Amino acid sequence: MSSQFANLQDYIASLPANVIQNIYGHPASCLAIFRDLPVLARTIIMRFICLPNSETTGQPQPISQGVVSSWINPSHQNTYQVISRMLVKLSIWNEIGTDWQLDATFRNNLTGAIFGGTTNWLDETDSSTVPTERNIKKIDELNLYSSNRWDCVLQYLVNPDRGQITRDTIDVFVHAKLLKRNEDTSSSSTDPYTITGAGFQFLLMNRRSQVWFFIINSLETRQLRGEDISENLIFLFQLSFATFGKDYSCEKFSVAKENFLQHLRELGLIWQKTRKIKRYFPTKLAIELASGLSASSFTDCQLGNDEIQSGFLIVETNYRVYAYTSSFK
Numbered sequence: 001m002s003s004q005f006a007n008l009q010d011y012i013a014s015l016p017a018n019v020i021q022n023i024y025g026h027p028a029s030c031l032a033i034f035r036d037l038p039v040l041a042r043t044i045i046m047r048f049i050c051l052p053n054s055e056t057t058g059q060p061q062p063i064s065q066g067v068v069s070s071w072i073n074p075s076h077q078n079t080y081q082v083i084s085r086m087l088v089k090l091s092i093w094n095e096i097g098t099d100w101q102l103d104a105t106f107r108n109n110l111t112g113a114i115f116g117g118t119t120n121w122l123d124e125t126d127s128s129t130v131p132t133e134r135n136i137k138k139i140d141e142l143n144l145y146s147s148n149r150w151d152c153v154l155q156y157l158v159n160p161d162r163g164q165i166t167r168d169t170i171d172v173f174v175h176a177k178l179l180k181r182n183e184d185t186s187s188s189s190t191d192p193y194t195i196t197g198a199g200f201q202f203l204l205m206n207r208r209s210q211v212w213f214f215i216i217n218s219l220e221t222r223q224l225r226g227e228d229i230s231e232n233l234i235f236l237f238q239l240s241f242a243t244f245g246k247d248y249s250c251e252k253f254s255v256a257k258e259n260f261l262q263h264l265r266e267l268g269l270i271w272q273k274t275r276k277i278k279r280y281f282p283t284k285l286a287i288e289l290a291s292g293l294s295a296s297s298f299t300d301c302q303l304g305n306d307e308i309q310s311g312f313l314i315v316e317t318n319y320r321v322y323a324y325t326s327s328f329k
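According to full-length UniProt numbering, the sequence shown holds residues 1 to 329 in order.
Structure follows, in structure tokens:
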């Protein structure tokens, strides 16, 4: 498949430095990335943010690498070396001579996220549009909507003749090498695309891994078009802290952010009655998107207990047979 990233850290580390700094400019991004780190990495960072800033520079205080190493049990030194390289790649800390220094932007926003003062990350509602009881969406309805929308996307992947999705979504499938141009001139299909071997592997992933894989490839296609994806990534991290069943305002969204919202709406990550109504509901797919992603890689094909469903077969008139099943036992 196109995306080679095994987890969230690998993807963030691959981004340009200016994009990473923009992401770290928001508390939600810092907390989402922090909670996805290994326990040892989180422990070290917590020790760093509890230290006072340097009196001379006002920046986070550099700590000798030898001192940091002394915090770690000798039996975990190899793990510490791996984590050190990870934190450098993520630009969470910088190597200053023989010292480690926590990135100032990351430190300030993570501190605000953990210790308070920056909790209103999503609700951009002004005083004239205060949510009422009518804004509360039933959880079952949101779950059904998100499941149906994502199934629609998968159905197009299996049989492009029978599905209707936007050009943006098709472009992502092609970029991810899940679809390819249909070169079989003898086929009765009128659609120019057909599923690839990687596409069938994609169908075996658990749903959250499917969504993350798709979103990352979606962001990659936007980067190739010259778009700044910082705002989109921050929005995704914000969604992971949203309250399920509560609506939020999109009245102040930029044009680019509004377009991304509609893309998420097509995938089932967002429910919005109409574009004219400037409020939306994050679904479970969106809220769980960046929550503890390291527990399941993009190439994980195991289904969780909450996703066990009976399989089924589709037999087409051209004798093609598609099996929808899982590898869960």
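All C-beta atoms in this analysis are idealised placements derived from N, C-alpha and C, irrespective of residue type, glycine included. All figures in this text were calculated on a predicted structure; none of them were measured in a lab.
Pick from the options that is closest to residue i, judged by C-alpha positions
i, options, result
"P62", "W71, S70 and P52", "P52"
"F115", "C50, L261 and Q262", "C50"
"T169", "V39, L236 and L264", "L264"
"G58", "T105, F281, V39 and T283", "T105"
"I44", "Y80, R181 and E251", "Y80"
"Q64", "W93, P74 and R42", "A small correction: the amino acid at residue 64 is Ser; Gln does not occupy that position in the sequence shown. Of the listed residues, the one whose Cα sits closest to S64 is W93."
"G25", "F48, Q164 and L233", "L233"
"L236", "Y193, A28 and D228", "A28"
"G245", "A256, L289 and P282", "P282"
"D103", "F34, S70 and Y156", "F34"
"A13", "V67, R85, P38 and M46", "R85"
"V67", "G226, Q101, Q210 and V88", "Q101"
"D161", "K138, D140, I139 and I195", "I195"
"L224", "L15, S69, C250 and L87", "L15"
"K257", "T243, K273, L289 and R222", "R222"
"L37", "E55, D10 and T56", "D10"
"L8", "Q77, L87, S69 and T56", "L87"
"L203", "Y156, F241 and G226", "Y156"
"V39", "S54, H76, T56 and F5", "H76"
"T98", "A242, D228 and S69", "S69"
Where the alpha helix (DSSP H) through residue i begins and ends
i, result
"T43", "V39 to I49"
"W212", "R207 to L224"
"D171", "R167 to H175"
"T105", "A104 to F115"
"N232", "S230 to L239"
"A242", "From DSSP, A242 is part of no alpha helix (DSSP H); its letter is neither H nor E."
"N78", "Q77 to K89"
"S10", "According to the sequence provided, residue 10 is Asp. The question's Ser does not apply to it. Note, D10: alpha helix (DSSP H), L8 to S14."
Local conformation of residue i per DSSP, three classes
i, result
"S297", "The predicted position of S297 is uncertain, since its pLDDT is 42 and thus under 50; a value taken from the coordinates is nonetheless stated next. Residue state, collapsed to three classes: coil."
"N94", "strand"
"D99", "strand"
"R275", "coil"
"L285", "helix"
"K138", "coil"
"S64", "strand"
"Y24", "coil"
"S54", "coil"
"I72", "coil"
"S254", "coil"
"V19", "helix"
Distance between beta carbons of residue j and residue i, contact taken as under 8 Å
i, j, result
"L239", "I277", "At roughly 18 Å, the Cβ-Cβ gap does not stay under 8 Å, so L239 and I277 are not in contact."
"W271", "L144", "Not confirmed; about 10 Å, so no contact."
"L110", "L31", "6 Å"
"S254", "N22", "S254 to N22, Cβ: 14 Å. No contact."
"A198", "L178", "6 Å"
"H175", "N148", "Not really, about 25 Å apart at Cβ, beyond 8 Å."
"L285", "V153", "Not a contact, Cβ separation roughly 11 Å."
"V172", "F214", "6 Å"
"R47", "W71", "7 Å"
"N182", "P192", "5 Å"
"S249", "R279", "6 Å"
Beta strand (DSSP E) segment containing residue i, residue limits
i, result
"T194", "Y193 to I195"
"K180", "L179 to R181"
Where residue i falls, given that 16 or more other Cβ within 10 Å makes a residue buried
i, result
"I83", "buried"
"I96", "exposed"
"Q164", "exposed"
"A17", "exposed"
"W150", "buried"
"S146", "buried"
"D247", "buried"
"Q210", "buried"
"A60", "Sequence check: residue 60 is Pro here, not Ala. Buried is the call here."
"I20", "buried"
"Q201", "exposed"
"residue 351", "The requested residue 351 is not part of the displayed model; the chain covers only 1 to 329."
"N108", "buried"
"R167", "exposed"
Chain C contact for residue i (CB, 8 Å cutoff)
i, result
"H175", "Absent from the structure: chain C. Only one protein chain is present."
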